[in-house]
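Working notes, structure below.
Residue numbers (the working numbering): 1 to 109.
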């Protein structure tokens with residue numbers, strides 16, 4: 001299942017840690033939107049992730065990957081709505097090895 005949204009997410013093997021790293025950046029289109037539009041776009045993205053998760057069976061690796069992205073995005077949502085995230089910066093999030101496999105499947109689907 002492909003969900004296009006305001007984020008670009010890459011999975012990087014982190015040799016110095018037990019898991020992997022997510023490299024998260026925002027799309028140019030999202031960064032150029034007004035603050036109000038950014039909040040609406042990001043909320044719609046979170047809602048779409050919820051619908052995608054609900055549409056897939058438990059144990060599906062795409063579902064598990066979406067759940068990881070959902071956790072990140074739902075935590076960021078209030079800060080996005082208030083303009084408290086530096087959108088020009090990239091973020092690095094460490095995840096465990098098992099989660100990285102699910103996320104890689106989801107991102108490459």
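We put the beta carbon where it would ideally sit given N, CA and C, even for glycine.
Could you tell me the distance, in whole angstroms, from the CA atom of residue i to the CA atom of residue j?
i: residue 40; j: residue 81; result: 8 Å
i: residue 127; j: residue 53; result: Since the first and last residues shown for the chain are 1 and 109, residue 127 lies out of range.
i: residue 86; j: residue 24; result: 12 Å
i: residue 84; j: residue 68; result: 22 Å
Out of the options, state which residue places its alpha-carbon closest to the alpha-carbon of residue i.
i: residue 12; options: 22, 57, 35; result: 22
i: residue 26; options: 38, 10, 6, 15; result: 6
i: residue 65; options: 77, 29, 16, 96; result: 96
i: residue 43; options: 88, 10, 83, 77; result: 77
Classify residue i as buried or exposed, calling it buried when 16 or more other Cβ atoms lie within 10 Å of its own Cβ.
i: residue 35; result: exposed
i: residue 93; result: exposed
i: residue 45; result: buried
i: residue 55; result: exposed
i: residue 62; result: buried
i: residue 10; result: exposed
i: residue 75; result: exposed
i: residue 38; result: buried
Provide the residue span of the alpha helix (DSSP H) that contains residue i, from first to last.
i: residue 46; result: 35–55
i: residue 77; result: 61–81
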